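Visitor: After the structure tokens below, expect a handful of questions from me.
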Amino acid sequence: MALLDWMSDVAGPVVRGDGVLLRPPRASDYAAWSALRDGSRDYLQPWEPAWPDDDLSKGAFRRRLSIYAREMELGNAWPFFIFVDGGKTLAGAVTLSNVRRGVAETGTLGYWIGQPYAGRGYATAAMRAVVGYAFDRLKLHRLEAACLPTNQASRRVLEKSGFQNEGLARAYLKINGEWADHLLFGLVEDEIDRGGRTPS
1 MALLDWMSDV
11 AGPVVRGDGV
21 LLRPPRASDY
31 AAWSALRDGS
41 RDYLQPWEPA
51 WPDDDLSKGA
61 FRRRLSIYAR
71 EMELGNAWPF
81 FIFVDGGKTL
91 AGAVTLSNVR
101 RGVAETGTLG
111 YWIGQPYAGR
121 GYATAAMRAV
131 VGYAFDRLKL
141 HRLEAACLPT
151 NQASRRVLEK
161 SGFQNEGLAR
171 AYLKINGEWA
181 DHLLFGLVED
191 EIDRGGRTPS
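For the sequence shown, counting from 1, position 144 maps to 144 in the UniProt record's numbering; every step adds exactly one.
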């Protein structure tokens, strides 16, 4: 799809879950996204890569959209914004990225939830919805995710979404400016029921 089509607010799949609506980011989401990220900065930064100085600028958001569009066009990633309140309110995001085909048929899930919406089950609902989309629509075989050992909330989201702890990866990702160990989680397609839901 062309970048202009991507920016026209009509591109990409829509995925529904328990109380959440997921769709790719649009140019018109900038104000809500920047406000949510800025208001949740102290809550999110301990768990994420260091934010560039211009991270919340309109130009940086446009660059994100361009990257997302290219990745979707190539079939390498599917970014979704998480909406609640009947699809009206942006609450966070979940991205299926690093999709590998052939002998792997796998992808990596990452997610964040704005502080006002944390602890309400939205991240788990979004993860379960994307898991169903990845296995049923994209026909992947395995999904992977990781979190810091100290991030109990993220770990609970993964466990409630059916992921199993597969071990510790030392100095796995650079988080908030420091190389950090991560717990690695995995979920295989035959571990979910055919309704697209994962075990609780």
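Each residue gets a CB set at the ideal place from its N, CA and C atoms; glycine is no exception. Just so you know, these numbers come straight off a predicted model, no measurement behind them.
Suppose you measure from the CA of VAL84 to the CA of ARG41; what does that come to, to the nearest Å?
Guide: For the purposes of this step, residue 84 is identified with residue 84 of the sequence shown, where counting begins at 1. For the purposes of this step, residue 41 is identified with residue 41 of the sequence shown, where counting begins at 1. VAL84 and ARG41: Cα-Cα distance of roughly 20 Å.
Visitor: Between GLY110 and the rest of its own chain, which residues show a CB-CB distance below 6 Å, the 5 nearest in sequence each way excluded?
Guide: The residue labelled residue 110 in the question sits at position 110 within the sequence shown. Only THR95 meet the Cβ criterion.
Visitor: Count Cβ pairs between the stretch 20 to 27 and the stretch 120 to 131 that sit closer than 8 Å; are there 3 or more?
Guide: Yes: at least three Cβ pairs fall under 8 Å.
Visitor: If we count the other Cβ atoms within 10 Å of its Cβ and call it buried at 16 or more, is SER161 buried or exposed?
Guide: Residue 161 sits at position 161 when you count from the first residue of the sequence shown. Counting Cβ neighbours within 10 Å, SER161 comes out buried, since at least 16 surround it.
Visitor: According to DSSP, simplified to helix, strand and coil, what is LYS174?
Guide: Within the sequence shown, the letter at position 174 stands for residue 174. Strand at LYS174.
Visitor: Under three-state DSSP, which class holds SER97?
Guide: One-based indexing of the sequence shown puts residue 97 at position 97. Correct three-state label for SER97: strand.
Visitor: According to DSSP, which residues form a beta bridge with ILE113?
Guide: Residue mapping note: residue 113 aligns to position 113 of the sequence shown, counting from 1. GLY92.
Visitor: Thinking just about the alpha-carbon of each residue, which of LYS58, VAL188 and TRP33 is nearest to the one in GLU166?
Guide: Stepping through the sequence shown from its first residue, residue 166 is reached at position 166. Ranking LYS58, VAL188 and TRP33 by Cα distance to GLU166 puts VAL188 first.
Visitor: How far does the alpha helix (DSSP H) with ILE67 in it extend, from its first residue to its last?
Guide: Position 67 of the sequence shown, counting from 1, holds the residue named residue 67. First-last of the alpha helix (DSSP H) with ILE67: 58 to 74.
Visitor: Would you call the stretch 177 to 187 in contact with the stretch 143 to 162, where contact means no fewer than 3 C-beta pairs closer than 8 Å?
Guide: Enough Cβ pairs lie closer than 8 Å, so yes.
Visitor: Which of the three DSSP states, helix, strand or coil, is assigned to ARG194?
Guide: Position 194 of the sequence shown holds residue 194. Low per-residue confidence applies at ARG194: pLDDT is 47, beneath 50, and the placement is therefore not dependable enough to give any value.
Visitor: So what does PRO13 bridge to, in DSSP terms?
Guide: If you number the sequence shown from 1, residue 13 lands on position 13. In DSSP, PRO13 forms no bridge with anything.
Visitor: Just checking, does the stretch 40 to 54 make contact with the stretch 174 to 181 on the three C-beta pairs under 8 Å criterion?
Guide: Cβ pair count under 8 Å is three or more, so yes.
Visitor: Would you tell me roughly how many angstroms separate the C-alpha atoms of VAL15 and TYR133, rounded to the nearest one?
Guide: Here residue 15 refers to the residue found at position 15 when the sequence shown is read from its first residue. Here residue 133 refers to the residue found at position 133 when the sequence shown is read from its first residue. Between VAL15 and TYR133, the C-alpha separation is close to 7 Å.
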